[in-house]
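This report concerns only the one structure given below.
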C-alpha cells in the first residue's frame, strides 16, 4: 500500500473509498457519482479487501433492486402494489398544490406525480422544492376511494447526503499531508490519476471546485469537447445542478412572478450551464440583464421584491476554433451566444479557465486509488463557504494600483477558493501564496484581455504585484499570450537568443525573429506549447563540431525520442559534408544497462549516415543536466531533454510536432563560457 493511501485511511477512516469501485457498481444505471459513493461509503469505506468485496456486492444488490430505471418503472410500481411497500432510489421534486394546500412529490424515473408529502419533511429538506433531489424513499400503496387522492404513500424519505461532518477534524487531519500529497488526494477524490497531470493541470481541474467552496463565484470554462468540463457539476455534489444553457428562463432561475416561487439560485450552491457556447443559440435579453445584476450584486428583483442568494454561476461550453486563430482573428469569447456576448456581462466573470489546456480524458487518466467520498467532500466545501481568505495575500504583497476594484474582487475570490481547497487549515508559506495568486490573476487577466479586444472603453491594466518582503515586482501573463502573442500586434515571448524586428515585416503579420545567441534564461511553464528544440537550442548550436549532452535520464522510449530529435536538429543545422560529434553521458540501473547499450548502439548506427558521430558513456554520479558545445556555449537544463509531457497517443499531432506538445515547468539557462 502506498504511503499516501495509508495516510488517507489512517486520518480519514470511513470517509474515503476506492474510486474504481464506482464503475464496478454503476452498470447501466444513469445515476450520479455522489449517489453511488454515498452507498459505497456505507459499506466500502475501508482498506480491507474482503470487506470491500462484500460491500461492493451489497451495493450492487441495492442498485439492482432499488434504483429505478425508466423502462422498469411499471415493474417497480407493481412490486410496491403487490408487496405493500418498497424502497426506491429516484430523483424527487416537490411543489405546493395551493388549491389543495398540500405538498406533492413527483418521481423523475418512476413517473409518479401528485404523491402527498408531509410539510415537516419539506421544511427539513427545502431543496426538494427546486428541480429535484436524489433520495432513498420507502413507497407504499394503498387503494383509496377518496376522489383525486393518490394511492401512493411516502413512508420515509432521505436525501442522499452525508450528515454530521466535522470541519475542525478535517482541518486537523490536513496537517498530516504535504501540499503535493493533498493536491493528489483532491484529484483522486474527483476520480483522476495525479500521475497523469502536471501541477498546473491539477490546479485547472481543482479550480472547477471553487464555486462549491466560494459564495457567488462566477466561472467560465471554454475548450474542446471531451475534457470533462461539466462532469463535476452534474456528478460530484448534491449541492450543484447542471442545466442546459438553452433551457434557462427568468422564472426557472430566479423567481416565478405568477406563483412567487424562488428559482434555482435560491436552493443550490452552484448553478452550472452546460453547452453554453453556440453563436446560433437564443437567449432572453431580460434574463441576461437580471443575471448581470445578480452576478455583480448577489441580488435580483422581480416585480417589487428584491431577493438575495449565494449561488455561484458556472458556464461551460465548447470552442470550435484553435486558440491562435481566436487570438489573431477574434477573441476567446467568440463562441458565446450573441445575447451573452456582452462586455458588461462578461466583466462579471471572476475567472476564465483555459479549457484548451485540459487534455481529452483517456482511460489511464482515471484513478483506481483512494479518495474522499465525494458527498463528504461536498459537505466540507459547503461548510467552507462560511469562511473567507480573500485578503490573506495582502500580508505578503500589494496588487498594482491600476487593477480595478472588480478585477481585485475576482482575483481575491479565486485565491480564497484555492486556499480553502488546498490549505483549509490556514497554514501556507509565502511562496505558496504567490503560486495561487499568480494562478488567480492569470484567470482574471484572461477575461480582461478579451474585453479590451471587444470593447474599446476598457483600459489596459497592469496585472502585477509587489512582494513586500523583497520589493520585487512580478507581472503576470496568460500562458496563451506567451505562446502565441495577444493578437494585437504583440509577439509571443521571445527566448533570450532572439531579437524581434517588427519594423521589417508587413503590417498585420508576426514580427520577424532574428536569431542572435546571448546569455540569459528561459522559464517554461506547465502546459506551455509552441516550444521546440530549434527554438530553445538552435542558435546556440550554430558552428559547433562537438556537443556533450549530460542527462542521467535517457532510458524510456520518449526520452530516446527526445535525444533523436536533438540529433535531428544538429543534422539539419550543420553544413553538408561536415560531421558533428554528439556524446551522451547518462546513467541507468544495472538490470537495464544492456537494454540501454543496445538502444544507443542502434542510434549510433542510424545517425552515422547523417554526419552525426554518436557516442555514449554511463556515469552513476550524475546530477547536473546540460548541453555543452565547443563553440563556447553551455545550456543548463533544469529537466534535461525531458521537457515535454506525455502525448495522447500515436495519432496525436504532438507525436510529430514538438510545438504541439505540452511542456513541463522548468528553466533553461544559457551561459557563455570563457574563451
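In the UniProt record's numbering, the protein residues as written are 1 to 675.
We treat Cβ as the ideally placed atom computed from N, Cα and C, and that holds for glycine.
Quick caveat: nothing in here was measured; it's all calculated off a predicted structure.
Identify the residues that DSSP records as bridge partners of residue 455: which are they?
-> What you label residue 455 is simply residue 455 of the chain shown in a count that begins at 1. The partner list for residue 455 (beta bridge, DSSP) is empty, contrary to what the question assumes.
As assigned by DSSP and simplified to three states, the class of residue 586 | The sequence position of residue 586 within the chain shown is 586, counting from 1. DSSP, read as helix, strand or coil, puts residue 586 in strand.
Neighbourhood of residue 357 by C-beta distance below 8 angstroms, restricted to the same chain and skipping five residues each side = Taking the first residue of the chain shown as 1, we reach residue 357 at position 357. Closer than 8 angstroms at Cβ, skipping near neighbours: 200, 201, 204, 223, 479, 527, 662.
Taking the alpha-carbon positions, what's the residue 375 to residue 8 distance?
-> The residue given as residue 375 occupies position 375 in the chain shown. The residue given as residue 8 occupies position 8 in the chain shown. Taken atom to atom, the span from the alpha-carbon of residue 375 to that of residue 8 is near 16 angstroms.
For residue 268, name the three-state secondary structure that DSSP assigns.
-> Walking along the chain shown from the start, residue 268 turns up at place 268. Look at residue 268 here: in three-state DSSP terms it is coil, with no helix or strand label.
Fully enclosed by the segment 284-328, which alpha helix (DSSP H) runs are 4 residues long or longer?
-> Counting whole runs of 4 or more residues, the segment 284-328 contains the alpha helix (DSSP H) stretches 285-297.
Is it right to say residue 185 is buried, meaning 16 or more other beta carbons lie within 10 angstroms of its own, or is it exposed?
-> As a working mapping, residue 185 is identified with position 185 in the chain shown. Label assigned to residue 185: buried.
Please state whether DSSP places residue 9 in a helix, a strand or coil.
-> The residue labelled residue 9 in the question sits at position 9 within the chain shown. Residue state, collapsed to three classes: helix.
I think residue 62 touches residue 36, with their Cβ atoms under 8 angstroms apart; what is that distance to the nearest whole Å?
-> Numbered from 1 along the chain shown, position 62 holds the residue referred to as residue 62. Numbered from 1 along the chain shown, position 36 holds the residue referred to as residue 36. Actually they are not in contact, since the Cβ atoms of residue 62 and residue 36 sit about 10 angstroms apart, beyond 8 angstroms.
Name the two residues that bound the continuous beta strand (DSSP E) containing residue 687.
-> Summary: the structure shown does not reach residue 687, with the chain confined to residues 1 through 675, and so no result is reported for it.
Does the segment 172-182 touch the segment 153-161, meaning 3 or more C-beta pairs lie closer than 8 angstroms?
-> Because the criterion of three Cβ pairs below 8 angstroms is not met, the segment 153-161 and the segment 172-182 do not touch.
Just reading off the alpha helix (DSSP H) that residue 579 is part of, what are its end residues?
-> The residue labelled residue 579 in the question sits at position 579 within the chain shown. Under the DSSP assignment, residue 579 falls outside any alpha helix (DSSP H); it carries neither an H nor an E label.
Would you mind working out which of 68, 87, 522, 79 sits nearest residue 109, comparing C-alpha positions?
-> Indexing the chain shown from 1 puts residue 109 at position 109. Among 68, 87, 522, 79, the Cα nearest to that of residue 109 belongs to 68.
Buried/exposed call for residue 142, threshold 16 Cβ in 10 Å = The residue labelled residue 142 in the question sits at position 142 within the chain shown. The residue is exposed, with fewer than 16 neighbouring Cβ atoms inside 10 Å.
Distance, Cα to Cα, residue 459 vs residue 482?
-> Taking the chain shown and counting its residues from 1, one reaches residue 459 at position 459. Taking the chain shown and counting its residues from 1, one reaches residue 482 at position 482. If I take the Cα positions, the gap works out to 20 angstroms.
DSSP state of residue 75, grouped into three classes?
-> To locate residue 75, count along the chain shown from 1; it is residue 75. Here DSSP, grouped into helix, strand and coil, assigns residue 75 to helix.
Are at least three pairs of beta-carbons, each pair with one atom in the segment 292-311 and one in the segment 246-255, less than 8 angstroms apart?
-> Judged by Cβ distances under 8 angstroms, the segment 292-311 makes contact with the segment 246-255, as three or more pairs qualify.
Environment of residue 267 [buried if 16+ CB atoms lie within 10 Å] = Locating residue 267 in the chain shown gives position 267, counting from the first residue. Answer is buried; the Cβ neighbour count reaches 16.
Continuous alpha helix (DSSP H) stretch holding residue 234: start and end = Reading the chain shown from its first residue, position 234 is the one you call residue 234. Per DSSP, residue 234 belongs to the alpha helix (DSSP H) from 231-235.
Taking only runs of the beta strand (DSSP E) that begin and end inside the segment 141-222, which ones reach a length of at least 3 residues, in chain order?
-> The qualifying runs are 152-159.
Extent of the continuous alpha helix (DSSP H) run through residue 562 = As a position in the chain shown, residue 562 is number 562, starting the count at 1. Taken as a continuous stretch (DSSP letters only), the alpha helix (DSSP H) holding residue 562 covers 557-573.
What's the gap between the Cα of residue 516 and the Cα of residue 539?
-> By 1-based counting over the chain shown, the position of residue 516 is 516. By 1-based counting over the chain shown, the position of residue 539 is 539. Approximately 7 angstroms between the Cα atoms of the pair.
Rounded straight-line distance, which links the Cα of residue 387 to that of residue 41 | Stepping through the chain shown from its first residue, residue 41 is reached at position 41. Stepping through the chain shown from its first residue, residue 387 is reached at position 387. Inter-residue distance for residue 41 and residue 387 is about 27 angstroms (C-alpha atoms, whole angstroms).
Residue range of the beta strand (DSSP E) that includes residue 352 = For this step, residue 352 is matched to residue 352 along the chain shown. Looking at the DSSP string, the run of the beta strand (DSSP E) that includes residue 352 is 351-354.
Would you report the Cα separation of residue 435 and residue 237, rounded to the nearest angstrom?
-> As a working mapping, residue 435 is identified with position 435 in the chain shown. As a working mapping, residue 237 is identified with position 237 in the chain shown. If you take the alpha carbons of residue 435 and residue 237, they lie about 27 angstroms apart.
Could you tell me the distance, in whole angstroms, from the CA atom of residue 385 to the CA atom of residue 441?
-> Counted from its first residue, the chain shown places residue 385 at position 385. Counted from its first residue, the chain shown places residue 441 at position 441. Cα to Cα, the separation comes out at about 21 angstroms.
Following the continuous alpha helix (DSSP H) through residue 104, name the residue where it begins and the one where it ends.
-> Counted from its first residue, the chain shown places residue 104 at position 104. Element bounds for residue 104: not the alpha helix (DSSP H) but the beta strand (DSSP E), 102-107.
When burial is assigned at 16 or more other CB atoms within 10 Å of the CB, is residue 295 buried or exposed?
-> Working through the chain shown from its first residue, we reach residue 295 at position 295. Label assigned to residue 295: buried.
Secondary structure of residue 484, DSSP reduced to three states | The residue given as residue 484 occupies position 484 in the chain shown. Of the three classes helix, strand and coil, the one that applies to residue 484 here is helix, per DSSP.
Would you mind stating whether residue 284 and residue 5 have Cβ atoms separated by less than 8 angstroms?
-> Residue 284 sits at position 284 when you count from the first residue of the chain shown. Residue 5 sits at position 5 when you count from the first residue of the chain shown. No, they are not a contact pair.
For residue 660, I'd like the list of residues in its chain whose CB is within less than 6 angstroms of its CB, leaving aside the five on either flank, ordered along the chain.
-> Walking along the chain shown from the start, residue 660 turns up at place 660. Excluding residues up to 5 positions away in sequence, 653, 654 lie with their Cβ nearer than 6 angstroms to the Cβ of residue 660 in the same chain.
Compare the beta carbon distance of residue 217 and residue 243 with 8 angstroms and say whether it is the shorter of the two.
-> Here the question's residue 217 lines up with position 217 in the chain shown. Here the question's residue 243 lines up with position 243 in the chain shown. Their beta carbons are not under 8 angstroms apart, which means residue 217 does not touch residue 243 by this criterion.
Just how far apart, CA to CA, sit residue 649 and residue 364?
-> Position 649 of the chain shown, counting from 1, holds the residue named residue 649. Position 364 of the chain shown, counting from 1, holds the residue named residue 364. Each residue's alpha carbon lies about 12 angstroms from the other.
Do residue 450 and residue 345 have their CB atoms nearer than 8 angstroms?
-> As a first step, residue 450 must be located in the chain shown, where it is residue number 450. As a first step, residue 345 must be located in the chain shown, where it is residue number 345. It is not a contact, given that the beta carbons lie outside the stated cut-off.
Residue ranges of each alpha helix (DSSP H) within the segment 417-461, 4 or longer = Every unbroken stretch of the alpha helix (DSSP H) spanning 4 or more residues and falling wholly within the segment 417-461 is given here in chain order: 430-454.
Once you ignore the five residues that flank residue 290 on each side, which residues in its own chain have a CB closer than 7 angstroms to its CB?
-> In the chain shown, residue 290 corresponds to position 290, counting from 1. Only 250, 254, 300 meet the Cβ criterion.
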